[in-house]
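The structure appears right after this line, and notes come after that.
2 protein chains.
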Amino acid sequence: MARPGGRSARIQAAIFKAVEELREEPDGPDLTVPAIAARAGVTPSTIYRRWGTLNELLAQVAAQNLRPDAPPEATGDWRRDLEIWLRQFVEEMSSDPGRAMLREVLGGERAENAGQCSAYTRQQLDAILDRARDASDEPPSTDELLDGVIAPVMYRILFTRAAPDDDYAIALLQRTLER
Amino acid sequence: MARPGGRSARIQAAIFKAVEELREEPDGPDLTVPAIAARAGVTPSTIYRRWGTLNELLAQVAAQNLRPDAPPEATGDWRRDLEIWLRQFVEEMSSDPGRAMLREVLGGERAENAGQCSAYTRQQLDAILDRARDASDEPPSTDELLDGVIAPVMYRILFTRAAPDDDYAIALLQRTLER
DNA sequence: GGCACTAATGCAAATATTTTGCGTTAAGGA
DNA sequence: TCCTTAACGCAAAATATTTGCATTAGTGCC
């Protein structure tokens, strides 16, 4: 049977932290398993046995980092909330660190981590849309927003080297709201 | 100055072929640099010098494999052509080999390969849309199709483990054509 | 065509990494 | 508390990556 308790959790936390710290390293981040293990005070074999591969470890760390740190801002006007949230989302995802995390999440073998990532944005959207429904309004569905706004933005981030899509994203949002 | 001539091209072709062949291997594909080099009749250092990393090599191979092997079918009815092409596109991309290639293209450090990939689908769409314009019709723009159909399909393939989206994709296409 | 220049490769030693067997530690259940 | 065994540490073995130097072969020039 599995044993997620105490020690395992502590070690995983130490390893995740080690990855973050090594990213900040001034002279080029040395993201190798031995380096991460050393920083975390753990033997490399622990990492290999738990994650199998550096790619898998980085995928899980990235998924965790993509977890939103706060619920979407609530101004009272849900359309405005959506716009504010979207601006931040696009900025974060299209930044260099954001792109790197997306690469890493998608680089992992198991779809689990990528799924987690989209679950997060779904939750954030749901939070805003729930408030809209409380106000007896008729907002679009989460899926309509995913298809109409999030997906096109992500496609461009992943498949082109294009600059920040700020206005473009807002235009997509307006169009989806008008339907 | 660069020397893409003769030998380099031959070696690159041999290496790409080696990757393909190792994928077919019955008892688990051994996609390591040394294995690829051995199969291609080349020393590993050649691969390391040219691509730097296994991820980069696989990204470029995947980009090449995602190149469409034929122009979209032409039935005379461009709406039908779009539908036929889309069905095949979705089937190919959501298959296990297709997903693996997408992972590999996106896993590379440089955006170049992913960009190539989306350029290919853009070309295919353009080919169909050009025929529509020749017929003095008013088809949607390439970007409208990318935003309205391709992006949502890709988002689901990349971020969920959901099953083949055949009908879903067609529904997206219909909606985009009606606008 | 022959020649000079040097990018691209081959080779092999030096490093770095990943894997693996076995002993030890510590969750989780009785 | 005791037992079972998942998870870890350690170190040797197996692989993979890097690097310096020698060799091969595109490319431009005469």
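Residue numbers (our numbering), protein chains in the order written: chain R, 1 to 179; chain C, 1 to 179.
C-beta: ideal position from N, C-alpha, C; glycine also.
Between residue i and chain C, is any beta-carbon pair separated by less than 8 Å?
{"i": "S118 of chain R", "result": "yes"}
{"i": "G106 of chain R", "result": "Contrary to the premise, residue 106 of chain R reads as Leu rather than Gly in this sequence. Yes, contact with chain C."}
{"i": "R192 of chain R", "result": "With chain R running from 1 to 179 in the structure shown, residue 192 of chain R is simply not present."}
{"i": "G115 of chain R", "result": "yes"}
{"i": "A111 of chain R", "result": "yes"}
{"i": "L158 of chain R", "result": "yes"}
{"i": "Y155 of chain R", "result": "yes"}
{"i": "R161 of chain R", "result": "yes"}
Shorter than 8 Å from the beta carbon of residue i to some beta carbon of chain R?
{"i": "F16 of chain C", "result": "no"}
{"i": "I170 of chain C", "result": "no"}
{"i": "A32 of chain C", "result": "Reading off the sequence, residue 32 of chain C comes out as Thr, not Ala. So, not an interface residue."}
{"i": "A151 of chain C", "result": "yes"}
{"i": "R23 of chain C", "result": "no"}
{"i": "C166 of chain C", "result": "Per the sequence shown, residue 166 of chain C should be read as Asp rather than Cys. No, its Cβ sits nowhere closer than 8 Å to a Cβ of chain R."}
{"i": "D147 of chain C", "result": "yes"}
{"i": "M101 of chain C", "result": "no"}
{"i": "R131 of chain C", "result": "no"}
Contact check, residue i vs residue j under 8 Å by CB: the rounded distance?
{"i": "A151 of chain R", "j": "P152 of chain C", "result": "4 Å"}
{"i": "W85 of chain C", "j": "Q124 of chain C", "result": "6 Å"}
{"i": "P29 of chain C", "j": "P44 of chain C", "result": "Incorrect: roughly 17 Å between the Cβ atoms, too far for contact."}
{"i": "P71 of chain C", "j": "Y120 of chain C", "result": "In fact, because the Cβ distance is near 11 Å, the residues do not count as touching under 8 Å."}
{"i": "R133 of chain R", "j": "P139 of chain R", "result": "7 Å"}
{"i": "A114 of chain R", "j": "L158 of chain C", "result": "6 Å"}
Excluding the 5 residues flanking residue i on each side, which residues of the same chain have their C-beta closer than 8 Å to its C-beta?
{"i": "M101 of chain R", "result": "A62, N65 and L66"}
{"i": "E73 of chain C", "result": "D81, I84 and W85"}
{"i": "L31 of chain C", "result": "V19, L22, R23, L54 and L58"}
{"i": "T142 of chain R", "result": "R122, L125, D126 and L129"}
In chain order, what residues of the same chain have a beta carbon less than 6 Å from the beta carbon of residue i, not counting five sequence neighbours either side?
{"i": "F16 of chain R", "result": "V61"}
{"i": "R103 of chain C", "result": "none"}
{"i": "W51 of chain C", "result": "L57"}
{"i": "V105 of chain C", "result": "A59, A62, A63, N113, A114 and C117"}
{"i": "S136 of chain C", "result": "none"}
Under a Cβ-count criterion, where at least 16 other Cβ atoms within 10 Å of its own Cβ denotes burial, should residue i be classed as buried or exposed?
{"i": "A169 of chain C", "result": "buried"}
{"i": "G107 of chain C", "result": "buried"}
{"i": "M93 of chain R", "result": "buried"}
{"i": "T75 of chain R", "result": "exposed"}
{"i": "D165 of chain C", "result": "buried"}
{"i": "S95 of chain C", "result": "exposed"}
{"i": "M1 of chain C", "result": "exposed"}
{"i": "S118 of chain C", "result": "buried"}
{"i": "R156 of chain C", "result": "buried"}
Tell me whether residue i counts as near the ligand MG, meaning its Cβ is closer than 7 Å to at least one heavy atom of that ligand.
{"i": "G5 of chain C", "result": "In the structure on display, the ligand MG does not appear, and there are no ligands present to speak of."}
Leaving out five residues before and five after residue i in sequence, what residues of the same chain have Cβ atoms less than 7 Å from its Cβ?
{"i": "P144 of chain C", "result": "The amino acid occupying residue 144 of chain C in the given sequence is Glu; Pro does not appear at that position. T176, listed in sequence order."}
- Query: Pairing CB atoms from the stretch 118-138 of chain R with CB atoms from the stretch 73-91 of chain R, are three or more of them under 8 Å?
  - Reply: yes
- Any contact of the stretch 160-179 of chain C with the stretch 139-148 of chain C, i.e. 3+ C-beta pairs under 8 Å? Taking 8 Å as the limit for Cβ pairs, the verdict is that the stretch 139-148 of chain C does touch the stretch 160-179 of chain C.
- Message: Measuring CB atoms only, is the stretch 6-16 of chain C touching the stretch 27-41 of chain C, in the sense that at least three cross pairs come out at less than 8 Å?
- Response: yes
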